[in-house]
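Down below is the structure, laid out as structure tokens.
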Amino acid sequence: MESLARGGTRWKRFAVVMVPSVAATAAIGVALSQGALAASFSVSGQQFKVSADRLDGKGFVQYGAVDSTKVGKKPVAVVGFNEAKIKNLCQSVVVPVPAFGDVTMKLGAGASAPVEAKKLYIDADDLGANATFNNIDIGVAADSTSKGPGPHKGDKYAPGSFAQQADSATFTDVKQRAWATTAGTFKLSGLKMAVKKGKNECY
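Count the sequence shown with the numbering used here and you get residues 3 to 205, in order.
Quick look at the structure:
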């Protein structure tokens, strides 16, 4: 691991995650109060893949939590941003259909104008990316973070557990596997969707 010195730290393949899910597309153009979704959000237990060329975020926080899904409890890394802009977003989910086989739903957005999100939270367990953090603090107590949106209401996490935060963060060449996403607002420019038989994932 590279130096943990504050400010401008660059890590490759840093285990954080940061891009929206298929479930979040239902919230396009709709403002949700922070925490409102958590009370009624039931995680399906099916993962999805997301890729993006670039994400620029302001107010970053990351902490560990546990998602309750239809297939049991899953440990996740939760990443939150006050604001995020995402270039060339792709997200895909493969759904097994009885007597038909696998079907892939793939969404794309942000090719010409970036996808924009506010109060964005992502629950995921795998990510590859290049990352640059500005004014990063590592080892902050999860309930004492101040630079990002703070832990999401309804998340199951240990209040004094390990967290990190930064004034801003930039991620490039993003590939992640996630369980869930919530956002206060989520705007997708140039949204396109395709449904195809078989596996046709983002990566």
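Just so you know, even glycine gets a beta-carbon here, dropped at the ideal spot from N, CA and C.
What does DSSP give as the partner residue(s) for residue i in the beta ladder?
i, result
"Tyr123", "Gly82 and Thr184"
"Gly61", "According to DSSP, which records beta bridges pairwise, Gly61 is partnered with nothing at all."
"Ile88", "Leu57 and Val117"
"Ala249", "This structure cannot settle anything about residue 249, because the visible part of the chain is limited to 3 through 205."
"Asp69", "Lys76"
"Lys158", "Val68"
"Lys149", "Paired residue(s): none; Lys149 is not in a bridge."
Rounded to whole angstroms, what's the CA-CA distance from residue i to residue j? Just pull it up for me.
i, j, result
"Lys149", "Phe62", "6 Å"
"Asn132", "Lys177", "10 Å"
"Gly162", "Gln64", "13 Å"
"Lys198", "Asn84", "34 Å"
"Gln166", "Thr147", "8 Å"
"Asp157", "Ala143", "15 Å"
"Asp169", "Phe102", "48 Å"
"Ala196", "Lys108", "5 Å"
"Asp139", "Gln49", "30 Å"
"Lys121", "Thr174", "20 Å"
"Pro153", "Gly186", "14 Å"
"Tyr205", "Ala126", "16 Å"
"Lys194", "Phe188", "15 Å"
"Pro77", "Ser70", "9 Å"
"Ala119", "Lys87", "7 Å"
"Ala160", "Cys92", "32 Å"
For the beta strand (DSSP E) containing residue i, name the first residue and the last one.
i, result
"Pro98", "Leu91 to Val99"
"Thr106", "Gly103 to Ala111"
"Val197", "Lys194 to Lys199"
CB-CB under 6 Å to residue i, same chain, minus the five flanking residues each way: which ones, in chain order?
i, result
"Gly2", "Outside the displayed span of the chain (3 to 205) sits residue 2, for which this structure offers no information."
"Asp128", "Arg179"
"Ala60", "The sequence shown places Lys at residue 60, not Ala. So the list reads Asn84, Glu85 and Ser170, once near-sequence residues are dropped."
"Lys89", "Asp55, Arg56, Gly112 and Pro116"
Flag residue i as yes when its Cβ comes closer than 7 Å to any non-hydrogen atom of the ligand FAD, and as no otherwise.
i, result
"Gly162", "The ligand content of the structure shown is nil, which means the ligand FAD is not present either."
Just to confirm my understanding: we take residue i, look at its own chain, exclude 5 residues before and 5 after, and list those with CB closer than 7 Å. What are they?
i, result
"Glu203", "Lys51, Ser94, Val96 and Thr106"
"Gly47", "Thr71, Lys72 and Val73"
Give every residue of the same chain whose Cβ lies closer than 8 Å to the Cβ of residue i, excluding the five residues on either side of it in the sequence, and list them in chain order.
i, result
"Asp104", "Val96, Val97, Pro98, Lys199, Gly200 and Lys201"
task: Specify whether the stretch 120–139 and the stretch 90–100 touch according to this definition: at least 3 beta carbon pairs, one from each stretch, less than 8 Å apart.
output: no
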